[in-house]
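Enquirer:
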Amino acid sequence: MFAVIKTGGKQFRVAANDKITVAKIEGNPGDTVAFGSVLMLTEGEKTTLDAKALSEITVAGEIVEQARGEKVIAFKKRRRQNSKRKRGFRAELTVIRITDILTGGKQPEMKKGDAAAAPAAAKAKAAPKAGEEAAAPKKAAAKKAPAKKAKDEASEA
3 MFAVIKTGGK
13 QFRVAANDKI
23 TVAKIEGNPG
33 DTVAFGSVLM
43 LTEGEKTTLD
53 AKALSEITVA
63 GEIVEQARGE
73 KVIAFKKRRR
83 QNSKRKRGFR
93 AELTVIRITD
103 ILTGGKQPEM
113 KKGDAAAAPA
123 AAKAKAAPKA
133 GEEAAAPKKA
143 AAKKAPAKKA
153 KDEASEA
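Its first residue numbered 3, the sequence shown is counted upward by one per residue in my numbering.
(1) Any idea what DSSP makes of residue 145, helix, strand or coil?
(2) Could you pull out every residue in the same chain whose Cβ sits closer than 7 Å to the Cβ of residue 62, ignoring the five residues on either side in sequence?
(3) Of all the options 93, 151 and 16, which has the alpha carbon lying nearest to the alpha carbon of residue 75?
(4) Give me whichever residues DSSP pairs with residue 102 in a beta bridge.
(5) Fully enclosed by the region 62 to 97, which alpha helix (DSSP H) runs are 4 residues long or longer?
(6) Rounded to a whole number of angstroms, what is the C-alpha to C-alpha distance between residue 120 and residue 32?
(7) From residue 13 to residue 6, what distance separates their C-alpha atoms?
(8) Grouping DSSP H, G and I as helix and E and B as strand, with all else coil, what is residue 114?
(9) For residue 77, I'd like the list of residues in its chain whose CB is within less than 6 Å of its CB, leaving aside the five on either flank, ordered along the chain.
(10) Determine the extent of the beta strand (DSSP E) in which residue 12 is found, giving its start and end residues.
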């Protein structure tokens, strides 16, 4: 069984356990993503193109990694004008492993990866302990006397 899905303005032919590289999708490695815009489904000899039937089909995938594409350099030179322009671009990409093609209106169970739990643990570790705060209270800085203005000095002399 395979399906044709549309994401990021492009179409991809996918089957279970395929790895595809698409335009950036927000998420961490291990997160589950669902693609609802299925354009075609083929099961053996049976092909489904009906929009109503395709609206009940969902393709589930798991984010493998967030990556960047190769650098593309756009270089323009105007001859005899002493004019040139060089710009570079690297696309943000997401590598996804297709886990399942769900039919009959089923939805994939959305799970967050282990990477989502790691920032919360790091944040808790970085928080200062109550005992440390009480042991070393900060002293307030002493206020300085305001400096005299130049006019005051000139009038006194």
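Even glycine gets a Cβ: it sits at the ideal position worked out from N, Cα and C.
Since this is a predicted model, take the numbers as computed values, not measurements.
Expert: If we stick to the structure as given:
(1) coil
(2) 34, 36, 101, 102, 104 and 110
(3) 93
(4) 62
(5) none
(6) Unreliable placement is indicated for residue 120, whose pLDDT of 45 sits below 50; no coordinate value is reported for it.
(7) 7 Å
(8) coil
(9) 88
(10) 12 to 17
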